[in-house]
Structure formats: C-alpha cells, structure tokens
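Sequence lines, in order, name chains A and B. Residue 559 is where the first sequence starts when you use the working numbering, and the numbers rise one by one after that. Residue 4 is where the second sequence starts when you use the working numbering, and the numbers rise one by one after that. Heads up, the beta-carbon is just placed ideally off N, CA and C, and yes, glycines get one too. Keep in mind the model is a prediction, meaning the values are calculated, not measured.
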Amino acid sequence: MDNTIQYIGENLIPGKIAHGFIILSFLSILYTVYASYKQIKSGTIDDNRWQKLARWSFLTHGISVFSVIGILFYLMITARYEYGYVYDHVSDDLPMRYIFSAFWEGQEGSFLLWMFWHVVLGFFLIKKTKSLESPVLLFYSLIQLILATMILGVHVGFGEYTYKIGSNPTLLLRDIFDVPVFQKENYLELLEGTGLNPLLQNYWMTIHPPTLFLGFASASIPFSFAAGAMYTRDYKSWLTPVLKWSLFSAGVLGLGIFMGGIWAYEALTFGGYWAWDPVENMSLVPWIILVAGIHTNLIAKSTGRAIGSTLIYYCLTLVLVLYSTYLTRSGILGDTSAHAFTEMGLSPQLIFLVGFFAILSTWLYFTRLKEIPKQEKEESIYSREFWMFIGALVLLFSGIIISTSTSLPVFNKIVSLFNPSFEGSVINDPIPHYNKFQIWIAILISVLTAKTVYLRYKANGMSAQQTKSFALPQIAYFAIAAALTFIMSFWLDYFHWKYALLTVTCWYTVIANGAMLIKGLKQNPRIVGFVCGHAGFGLMILGVIASGLNEESITEDNFLLREIVLDEEERNSVNLIKGKPFFINNYWLTYESDTTYDKTRRFKIKFEREDSLGNKVETFYLYPNMLYNNKLTKMAAVNPSIKRYVDRDIFVHVTGLPGSQTDIEVAKENEDSLVYITYDMMIGDTLTLSENKKVVIESYSYQPNNEEYKDSQSDLGLSAVIRCIDQKMEVDEVIEPVLGLKENMLYQYPDQVNDLNIKIKLNEQSFDNFFTQENELVYESFTVPKGGSFDYKNTSYTVKTLDSNVEDRNYDKQEGDVVVRALIEYTLDNGDNRSLSPLYVIRGSKPYSIKDYDPVSGTHIRLSHINPANEEFVFQIAEDVRDAKSMIVDIAENVPRDDIIALEATIFPGINLFWSGTILMLSGFFISWWIRYKSKYA
Amino acid sequence: MKKSHIIAFIAIVAAVSIIVIGSKDVTTYGDFSMAENAPGSVKIAGTLDLNKPIHFDIEEDPNSFSFYMNDKANNRKKVIVSMAKPQDFEQSESIVVTGKLKGDTFYAHDILLKCPSKYKDEEIRLRAGLDKEKVG
C-alpha cells in the first residue's frame, strides 16, 4: 500500500496510547509473576519487598487494562472507523444502549472483558488472601499473563515464517484490509461501520457475557490456590480460604450459563433453554467439575481426606474453562455449533493456553503425588464424606461424558492430521445422545444429595437406634416423593419408566432437603446454603422433565396428506392469512395486523381458546416480531412472544414469511417476474379478468387514501378507487393504487387484493390525464385590493390576509429576500372550504412569483405583481383541464400473497419449575458464600 | 476387597458400557450412496446446487422447502427439508442434512448451514463499496 497518502480525519493518537498500555499491561503482569516467584523463593514474613513489588506491578497492570478498555470505549462511542475493531462492531445507526454489547461482540473485546474481571477480582484477592498471597498471586497472574498475550498483536519471526501473537484491538482498518478504498485520502467519509449483529441487539447480550466472564475469571482463583498449595507444598492451609471463592465462582458461572439459557429461550428461538450445543456444554462442564471440587474441598476441610481430589478438580476446572475458550474461539466447532465466534487465527495460541495449564497442573500434581496427605484407613460407608466423594465422582463422570462427546470435532481434527483421508464422525442426534447418559447422572445425584445430608462426617458405623432414626425418615421422604410423582402423572406424561424414576428421585431430594431445613435450621442456620442448592437441583430437573418431555405444539398440523411422512418429521408451523381466523387444537388464531417501527416488525396475533363445547373461554394477544438488518434490506432474526401462566408458557414465533417480505432482492425479483397488462379505462368501466374476476374503476381522488403514499410526503398524488369482485369466491374488496409526484419524480404505490392474487399499479401516463402541465394552462388576471375578492368560473375568491413572515415548503428563505404571502379562500360547489397561498418574492431586486396549487379543485394561483402605491395585487388564476377521464392501469394476475405468515406455537408446561429450581440452586451457592464471607473463622 | 476397588470396578464397567452405547450414536458425514442402504437416518454433507431451483412457497407449505444438493462424490439429489427455508440459505458454503433417502429424493428433518464468516463478508462489502465509488 502507498504509505505517502495523507489521510483526512484520522485520529491515530488514542490507538497508539492504547497499544502502549497493552504492552505495559503485558510487561507489568509479567513482572507480577516474577516478583511473586521471588517472594516465595527468597522472601519471608518479615521481608516482603518482592510481595510489595508484585502488588505494585499488579496495580500497574490493572490501570493499564482499564486504560485500554477506556480508550477503546471512547473510540467506539465516537465511532472512529479508522480502527478495525470499531468499524467491525459499531455503526452510525447503532443505538448507544448497545455500545457494551458491541464492545464484547468480538474476540478482542471479550478477552478485555475477561481481563477486566480478572483485575477486579485480583484486587480483592490481594486484599483478602493474607499469608497465601504470593503463591496464589503467582499462578493467578500467570493466567492473566497468558490472557494478556491474546490482545498483544506482536509478530514474531522464525526465519521465513512469522507468527502473530494475539490480536490487537487498536489495529487500523487500513492495516487489516488491503482494498483500494484506502487509496482515497478521505476514505473515512465513505465508511459507516458494520455494526452489531441484529441477533445480538438485545439486553441479554449486555448482561450475559459480563456474568459469564466473571464466572470464568473467578474460576482461576480455586486453581491459583490449588497450584500455589502444590508449589509451596503447603497442602492444608488453603482449604478454608479457597472455599468461599469457589462458592462465589460456582454461583456466578452457574448464573452466567443460566442467563444464556434464558436468552436462548426468550429471544433466540432455539426452541428451548438448553440444546446440548457444544458451546453450552463446554461452559457447563467446568461448572460441574467446580461443584465436584467444592464437595471434596468440604470433605478435605472437615476430615483431611480427598485433598488430592480437590487439587485435581480445581485444576481441571481452569483447564476446562480454557479448553472451552479454545473450542468456541478457534472455529473448530464451525460445523456443529450454532453460536461460536468467528475464527481469527489464534488457534495455536489457544492450544498453547490450554496445554500450558494442563501440563503445569499435571506436572505439579505428579511431582508431589507422594507428599499429598492421605489417610490409610478407608472412609466408612456410614460417613458423609464417603457418599460426598462418590457424588463428586459422579459429577466428574458427567463432565467426562459431556466433554468427550463435545470434543468429537477435536478428535476428528487430530486424526485427520495423521490421516488426511479420515472421514470425521459426528453425533447423529445430539439431544437424545446426551440425555440418555445424563438422566442416570441426575438420578444418582438426586439420591445422593437426599440421603447424604443426613449422614455425619467421620461416622464409623451406626447403632440399631441410629439406623432406625436414619432409615425411617428416608423411607417416609421417598414414599412422599413417590406419591407426588403419581399425582404429577395426571398433569405430565413420563413416557418411559426412567423418567418416572427420575421424577421420584428429584422429589426425594426436594423433600429430604426441605425436611432438613425445617428440622435443622434452628441448630445450624448455615445449612440453608446446601439445602437450597440440593432442593433447587431437584426442582430444576423436575422442570426439565415437565417442560422438555411434555412440550407440545399448538400449531402441529397432522392433517396434511402427503406421500411420505417421516417419523422424525415435525410439522409445527401453520399458515395464517391476515384477518382470517384459523382453528387448530382448540385455539382460534388470527393474524390481525403488523406494524414496523425502527428495525422491528411486530405481528399482532389473537389467540382464542375454545372449550370442548365450542365456547370461547380465553382471549389474549401475542406479539412475536422479526428484526430487519441494519440496512433494512433483509430479515435478520425473529423473536418470540411468550404468554406466561403459573403452570405453563405458550411460546410463539414466526417461522416463515413470503420471500418478498424478508428480502428486498427477492421482492424485486418477484415484482420483475409479474406480468402486467396495461388497460386504458374510463371511470366507471368494468374489466373482466380470468376466471370471471371483475375490476371496476369506481372513482379517482386527488387525496389518496394509501398508507405508503401518506408516509412518502409527496407533493402531489392521484389515486384510482378500484373495486375487485369475484362472486364465486365471495370477494368484494376496494383498493387504491396511487401515483405520487415528489421533487419532479413520479412514484407508483401499487395495491393488491391478496384473495384474488391481483396487483394493480397506476400507469404513469395517467398523471398527464389528470394534471395539466404549466405550459398548457390558460391564466386569467385579476387586480384586487387587500380584503377584496374576484370571481373566476362561478367561484368567488377572497384575499384574506397578507403576511411577510413566511415559512413555506415551496420556498427556501435567503438573506435579503422580501416576501409576501397571500391567503386566498374560496368555496367549492360541493360546499368544501379551500384555501391557497401563492408567494411573491423579491430577491436581488428581481421579482418572482411562486404559485400554489389545489389538486382537489385543480386551481392554480399566482401572485404576479404588487402595486405598492395603491396597495393593489395582481393575481393570475388558471384551472386544470379535466375532461379526459381515462385512467391507465397496469394489472398483474397470479400474484403471490404477501399477507401470510407461518407461525409456530408451543406449550412448555412447568417451565417455571425449571426457572425457580435453577434460581434456588444458584442462590444456594451465594448463600453459602455469603455465610463464609461474613463469618470470621471460616 | 477394598471399597475403592469396588468403586473403580463400577466406574470401569460404566465407562465401557457408555462407550459401547454412545458409539452407536456416532455417524460420519456420508454421501447419497451411503444413504441408499442405511436403515436409520444419516447425515450427508454437500453443497447447494445454485443452478437448480430452490423451492419454498409458504402458501403451499410452510413446513417444507426443497433444493438440489451435490454430495462429496458429486452426486446430485433433490432434498426436501421439513421446515421453513432458513435465512441466507443461498449464501451457504456447505450444507449438512440429516434424514433418509426414499427413492430419488432425500427427506431431511434437520439441516445445518455453514455460512461465510463475518470477516469475509466485510472484505466483500469493502470491495463492493469501492466498485460503487468507481462507477459514481
């Protein structure tokens, strides 16, 4: 590229400053790692110089990261398109409320978001960790160091080959794309930004990523404690302080995943809150492993057992977080996931990220395997720790199963490196595949969480009395659970005994933990946390059974006859024609209207439910919508609308529209493919089309009644009022196509009768039949004083007022103009009062007259002269020649309907059980965290 | 026998059975010839044939659209998918359909599109923007 071009309007300084801060953030976090290492190696409690240096450099790092973020925000808010990241994620028409979403839409922004939380949590960590600070900070900073390389944007050369480390968000657009537009020095004026993907223009995009990344960032903390403990060979003192961080992380990470589920359900029409998509799976697995780690951590804290397992789980959590980052950002999921990032050439670096921490953890663990404290004697099966340990193993198993299936694309890739002809394999039908294993995990977990909470740590056995007081309540809880399952069967179908069993075990844990709360709350209020967690898990799974297994379609159309119908096939959409009620599965559905505002087109759908006797028992409206893209040329996304009941949701979305409504190109193609025939008709004429359809030109109007025309704010308009009749079809509809004149251009506003597949346009020639051109007008002159009147062709015209302070759409005011406007009133034969306001302008000593025209009466009036001496005014008046009444129309037949939508309506029973169960479960983590955070000794 | 051994034994049995059961859920991206003999549904990867008609008429059937697909062995077959035509279908770089072959038509209940990435799109747009400049 030619570097000598002096570009206009670029502001390169903020980018340079930000890049400086990026490099500073990298160097300072590198120094934090080094100083923490030195403190561990050579420092003592009294000699904490290195520790202080580590803190200062971490602070420097934090300020650098905040500065980069601040500058990038500034560039985005001010829409500096010379920066590639700004150009890619902001556009001129992007509403300011989406600026955060735009910030973390891309890879670099989301890494910055992650680093932001890492810094914030790091400050708390330094403040709270006390004696373990240096080992924890060493590993915590090491993670941040590698994250920092992701935005470094440095090119490293190995001989011929150069490799890019990180992707710098301050790169200039002209350095990213080499296209000739950058030959222009004013290229910035030509750019308007790409903007945020309309699918992501949603408030969930504002709150879901920050929560998820706070979860990711906080998942580094248990790892840092674990790695620090192994590195310093201090295996016990970290077990208590780490727990509150782990609980916080599990709560936040869980909340982030949960928000993704709500988003998918509420806005994205993925057809539910969970689809076992790889991206979803790989954020769930670290959470599952973290939860397993929390449980072994509790064992280790209370009994001294399972320290090794806790170390493994916490290290694995971080490695899996990084692995999920690799999967979602490397593009490897391209074939299998609906929502991965675009590939950015960072794959090798991401693999390094995962590999580095996997190897580091493994090395730390195996070099210290013999030292990690163990107890010779095995746990008793009467002890709580035994069953908690089993529970953690079950969770580990669950995580392994999910991540193995999800990693199939990685496996394919690795095999194809050695065997290029290898045919990659895929999971045929993911949802049943994952469900069939996870159902057993859920059964085991619910049983374990129900009974284990009643066992004691370090118990060695049970006396007969103890056995009785343990077993009898359990039997009672189980019996209640079975009864509830039976009662629920009147509401839900279980379809298979496995689901009935799962329902029993879920109720069992809900009841057992509920009873625990009632019995134990007074003695130990701290049980609230785990009781909520366990019971919430049970309710959540019950919600899954209800809403997932018993989901049913209102709009399922089973009556269509076709040659071949496949078993898997679901015919879930029905067509609705505007204004025509359609009856299906006890509901009358009516597509009443639609409105377009901004980029959103909202459909108003009326639902009327009928009981078995045919009485309408319930009426409500739902408003599913669709979004157009930023240029308004294409449909970009559809959003559902949900009717919420306590026991169910009715979930509605538009699944299809005629092509002409979704894409301006298709609309053009469709229009071009229509065959218009031109007819020259007199007012009152009737034309007979194919199949005896009749078209009558009833009248015409100079004040067209057509929405599109009215919106256009044209100068003049002419419409034909046309009645279209088909007696056989019992159709009788009046339409009004329009010709509009705006700034000397004629525009057609066609109208159509969808029921008859007719579309009519007014031919442009019609215009000359109804409006007389200026040079064909015959003007007559009248001289009148102010307030006087004159008669022209049986109508009396009165000059009402004259004013010189004129704002008129026919006139552009200029400095030094002398202008007079006359208001002339007159009454038509039919009694209509009309008025006209011609202008008289003197500009630069030259007089101009600006005429006014009344299309209704066809009157043209000019104020052609003012005599200042005797205050007399000369008006010129003319009338359109309106004897020709021939209307030339273009008529097309066989026009596809444009007033039709395909709609899908689904009932999700018991979905509120899922939401409330999940919230309860997550609040369990937060309650436990809060209790430990507040208590002095924990 | 120690409890940890029992647990390990159960875990191994569970792992083996999961692998055996789970591996049945796995297929490869095949071509149409594979679908001829398959008992269940198969996944076929290929590309959209833009020279043949893509048919979707919402009025006729909102739950179905059809197109012609070339598989990896360059066999062309008509594919009928039992859902509305997805957005940007015509732009897809590659397609994976899941379903069954009946006669000469492949009936799919699921379709996955791989579309050009946003970045590639951008480059095209920038280039197009320049072309417009030249004309203007």
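Judged by pairs of C-beta atoms under 8 Å, the segment 1311-1331 of chain A touches the segment 1272-1285 of chain A, as three or more such pairs exist. Annotation for ARG655/A: no beta strand (DSSP E) segment contains it, and DSSP assigns it neither H nor E. Positions of the beta strand (DSSP E) runs, each at least 3 residues long and wholly inside the segment 1245-1287 of chain A, are given as 1252-1259, 1274-1284 in order along the chain.
Look at SER20/B: its C-beta is not under 8 Å from any C-beta on chain A. Just measuring C-alpha positions, the residue of PRO1343/A, SER1362/A, ILE1435/A, PHE915/A sitting nearest ALA1427/A is PRO1343/A. The beta carbons of VAL1196/A and PRO1182/A sit closer together than 8 Å. Contact fails between the segment 1186-1201 of chain A and the segment 1407-1415 of chain A, because fewer than three Cβ pairs, one in each stretch, are under 8 Å apart.
In the three-state reduction of the DSSP assignment, ILE563/A falls in the coil class. Closer than 8 Å to the CB of VAL1132/A there is at least one CB belonging to chain B. About 6 Å separates the beta carbon of TYR1149/A from that of ILE1459/A, a gap short enough to meet the 8 Å contact definition. At a cut-off of 8 Å between beta carbons, GLN90/B contacts chain A.
Secondary structure note for LEU749/A: it is in no alpha helix (DSSP H), with a DSSP letter that is neither H nor E.
Straight through space, the alpha carbons of ILE917/A and SER26/B are spaced by roughly 29 Å. By the rule that beta-carbons nearer than 8 Å mark a contact, TYR32/B touches chain A.
Chain-order list of chain A residues neighbouring VAL82/B: empty, with the shortest C-beta distance near 13 Å, by a criterion of under 8 Å. In this structure ASP74/B is buried. Its beta-carbon is surrounded by 16 or more other beta-carbon atoms within 10 angstroms.
A Cβ-Cβ distance of about 6 Å is found for the pair ASP1205/A and GLY1468/A, placing them in contact under the 8 Å criterion. By DSSP's assignment, TRP1146/A forms a beta bridge with PHE1141/A, GLU1166/A. Residue burial annotation: ARG732/A is buried, with at least 16 other C-beta atoms found within 10 angstroms of its C-beta.
Note on geometry: alpha-carbon atoms of GLY1416/A and ASP1438/A lie some 5 Å from one another. Of all alpha-carbon atoms in PRO693/A, GLY818/A, THR602/A, the one lying nearest the alpha-carbon of TYR761/A is that of GLY818/A. Counting the other Cβ atoms within 10 Å of the Cβ of MET634/A gives 16 or more, which makes it buried. Given a length threshold of 4 residues, the segment 985-1009 of chain A has no whole run of the alpha helix (DSSP H) inside it. For the pair of segments examined, the segment 1056-1067 of chain A was found to touch the segment 1031-1044 of chain A: the number of CB pairs separated by less than 8 Å reaches three.
Put simply, the backbone Cα of THR1385/A is about 36 Å away from that of GLY1374/A. Contact annotation: LYS1300/A and SER1272/A have beta-carbon atoms nearer than 8 Å.
Residue range 836-861 is occupied by the alpha helix (DSSP H) that includes MET840/A. A contact between stretches requires three or more CB pairs, one per stretch, nearer than 8 Å, and the segment 633-653 of chain A fails this requirement with the segment 692-703 of chain A. Contact between the segment 1019-1035 of chain A and the segment 1066-1080 of chain A is present: 3 or more CB-CB pairs across the two stretches fall below 8 Å.
A straight-line Cα-Cα distance of about 34 Å links LYS5/B and LYS802/A.
Annotation for ASP1238/A: the continuous beta strand (DSSP E) segment containing it runs 1234-1240. For the segment 1442-1460 of chain A, the set of positions with a beta-carbon nearer than 9 Å to some beta-carbon of chain B reads PRO1454, ARG1455, ILE1458, ILE1459, ALA1460 in chain order. Assignment of beta-bridge partners to MET37/B by DSSP yields no partner. Rounded to whole angstroms, PHE658/A and TYR632/A show a C-alpha spacing of 12 Å. The Cβ atoms of THR590/A and PHE624/A lie no closer than 8 Å to each other.
TYR71/B has LYS81/B as its beta-bridge partners, per DSSP.
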